[in-house]
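Asks: Can you keep this structure in mind? I'll have questions shortly.
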Ligand SMILES: *Cc1c(COP(=O)(O)O)cnc(C)c1O
Ligand code: SF4
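Numbering (my numbering), first residue to last: 24 to 365.
And the structure:
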């Protein structure tokens, strides 16, 4: 039987646990296959397919993968496979044109992306807790913008009073340690017109010990108000430790939203999506976005046709309360907002 929220809330990680977990991440395909009892051919294919986006799986995530099952939905998200090497017309290295938009040549301020009204996105770090094979940033230089850039970033944001919300992205902004993140939040707190900071992160899902007391302290300071958007794709990603981490965040009143990517062979079924969204609501996370895959080279085998996605969402609406069904969206370069599908 699963434990109640009050019981799981008491599983509090020790400071530094998450860094130790990240340092022990599995990066060698042979080791992955040994730990998961998969044949050597799987490891050899992974080595060929990894390219410039190496295998990276933290052990708390690995522990949720079923040994001996090459079709496990969590494994599929992290295991390089030969399909990544197949040519796919319409797929590009930078489908959203973000690489140039965040570098010195293409941006008014490197590391800041201003696509939508009132909101600026900061690439806070290139680091991630896990390498998702479908990631649209998989071909970006994993350059860490680093604290050295932040005075310039803050100065830039300070000149534009129309920016009311700052989105911290990456990579994964929670890849930064608490002290560094605290300094970034201090900078943002010094800009009077920035009312909200939103963190887009997958780390509480892959390494739940990342939700430390110190982090919660930073996120509950008052101004700017912090919101957390969790990237989660499958109900099996949510084990007891993840539930406990989410309970710690929700328990102090931090608004929690989720985003998921619709992925072939992972979550392209009514049953899996319904279970995912209901489980999130039960953990006080409101399903926000279901993303159509960005068409990045190497991820074509994950694509679900939009028509099928629209049909899935229609059936979800019939089955779940309205608030449990996220908006099914795609990003279209040049549009003033994400485009709702269906
Ligand atoms: C998705 C996104 C946002 C936020 O959009 P919302 O619809 O407010 O969630 C902002 N900037 C960029 C670059 C984005 O991709
Ligand atoms: S955690 Fe997010 S940014 Fe990092 S690889 Fe996965 S999808 Fe990409």
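We put the beta carbon where it would ideally sit given N, CA and C, even for glycine. The model shown is predicted, which means the values in this text are computed figures rather than measured ones.
Would you check whether ligand 1 has a heavy atom nearer than 7 Å to the C-beta of residue 144?
Replies: Yes, ligand 1 has a heavy atom inside 7 Å of this Cβ.
Asks: Restricting to runs no shorter than 4 residues, where is the alpha helix (DSSP H) found entirely within the region 254-337?
Replies: Here the runs fully enclosed are 263-274, 293-305.
Asks: Sorted by chain position, which residues of the same chain lie with C-beta nearer than 7 Å to residue 347's C-beta, five sequence neighbours on each side aside?
Replies: These residues qualify, in order along the chain: 300, 301, 304, 310.
Asks: Where does the unbroken beta strand (DSSP E) through residue 138 begin, and where does it stop?
Replies: First-last of the beta strand (DSSP E) with residue 138: 135-139.
Asks: Hey, would you say the C-beta of residue 74 is under 7 Å away from at least one heavy atom of ligand 2?
Replies: Answer for residue 74: no, Cβ out of range of ligand 2.
Asks: So what's residue 348 in DSSP terms, helix, strand or just coil?
Replies: Residue 348: coil per DSSP, three-state reduction.
Asks: So is the beta-carbon of residue 351 under 7 Å away from any non-hydrogen atom of ligand 3?
Replies: This structure simply doesn't include ligand 3; it includes ligand 1 and ligand 2 instead.
Asks: Between residue 172 and residue 219, is the Cβ-Cβ spacing less than 8 Å?
Replies: Taking 8 Å as the Cβ cut-off, residue 172 and residue 219 do not qualify as a contacting pair.
Asks: What's the call for residue 48, buried or exposed, on a 16-neighbour Cβ count within 10 Å?
Replies: So residue 48 counts as buried.
Asks: Check this for me: beta carbons of residue 148 and residue 196, under 8 Å apart or not?
Replies: Yes, the pair counts as a contact, with Cβ atoms nearer than the cut-off.
Asks: Along the beta strand (DSSP E) that carries residue 222, what are the first and last residues, could you check?
Replies: Looking at the DSSP string, the run of the beta strand (DSSP E) that includes residue 222 is 219-224.
Asks: Mind checking which residues open and close the alpha helix (DSSP H) that includes residue 145?
Replies: Looking at the DSSP string, residue 145 is not in any alpha helix (DSSP H); the run it does join, the beta strand (DSSP E), is 142-146.
Asks: Compute every distance between the C-beta of residue 117 and the non-hydrogen atoms of ligand 2, then say whether any falls below 7 Å.
Replies: Not so, every heavy atom of ligand 2 lies at least 7 Å from the Cβ.
Asks: Does DSSP classify residue 364 as helix, strand or coil?
Replies: DSSP places residue 364 in coil when its eight states are reduced to three.
Asks: Compute every distance between the C-beta of residue 120 and the non-hydrogen atoms of ligand 2, then say whether any falls below 7 Å.
Replies: No.
Asks: Between the region 273-289 and the region 239-257, are three or more C-beta pairs nearer than 8 Å?
Replies: At 8 Å Cβ cutoff, the stretches touch.
Asks: Go through its chain and collect everything with a Cβ distance to residue 227's Cβ below 8 Å, but skip five positions before and after it.
Replies: Excluding sequence neighbours, residue 227 sits near 197, 233, 234, 251, 253, 265, 268, 269, 272.
Asks: Go ahead and pull the three-state DSSP assignment for residue 60.
Replies: It is coil, neither helix nor strand.
Asks: So if DSSP puts residue 251 in a beta bridge, which residue, or which two residues, is it bridged to?
Replies: Answer is 222, 279, bridged to residue 251.
Asks: Mapping DSSP to helix, strand and coil, what is residue 190?
Replies: Looking at residue 190 - three-state DSSP - the assignment turns out to be strand.
Asks: Would you say the beta carbon of residue 195 comes nearer than 7 Å to a heavy atom of ligand 2?
Replies: Correct: residue 195 has its Cβ closer than 7 Å to ligand 2.
Asks: According to DSSP, is residue 104 part of a helix, a strand, or is it coil?
Replies: Note: residue 104 maps to coil in three-state DSSP.
Asks: Does any heavy atom of ligand 2 sit closer than 7 Å to the C-beta of residue 221?
Replies: Residue 221: no, Cβ never under 7 Å from ligand 2.
Asks: Let me check one thing: in DSSP terms, what residues is residue 115 bridge-paired to?
Replies: BP columns for residue 115 point to 319.
Asks: With a 10 Å radius around its C-beta and 16 neighbouring C-beta atoms as the bar for buried, classify residue 263 as buried or exposed.
Replies: Looking at its Cβ environment, which holds fewer than 16 other Cβ atoms inside 10 Å, residue 263 is exposed.
Asks: Round the Cβ separation of residue 157 and residue 322 to the nearest angstrom and send it over; I've been treating them as touching at under 8 Å.
Replies: Confirmed, about 4 Å.
Asks: Looking at the secondary structure, which residues open and close the alpha helix (DSSP H) in which residue 41 lies?
Replies: Here the alpha helix (DSSP H) through residue 41 covers 40-46.
Asks: State yes or no: is the C-beta of residue 186 nearer than 7 Å to some heavy atom of ligand 1?
Replies: Answer for residue 186: no, Cβ out of range of ligand 1.
Asks: Helix, strand or coil: how does DSSP classify residue 37 here?
Replies: Of the three classes helix, strand and coil, the one that applies to residue 37 here is coil, per DSSP.
Asks: Looking at ligand 2, does it come within less than 7 Å of residue 153, judged from the CB to the closest heavy atom?
Replies: Result yes, Cβ under 7 Å from ligand 2.
Asks: Verify the contact flag: residue 369, CB atom, against every heavy atom of ligand 1, threshold strictly below 7 Å.
Replies: Lying before the first or after the last residue shown, residue 369 is absent from the chain, which here runs from 24 to 365.
Asks: Check whether the region 85-102 touches the region 135-143, counting contact only when three or more Cβ pairs, one atom from each stretch, lie closer than 8 Å.
Replies: The region 85-102, when compared against the region 135-143, does not touch it at the 8 Å Cβ threshold.
Asks: Could you give the distance in angstroms between the alpha-carbon of residue 224 and the alpha-carbon of residue 203?
Replies: So the alpha carbons of these two residues sit roughly 16 Å apart.
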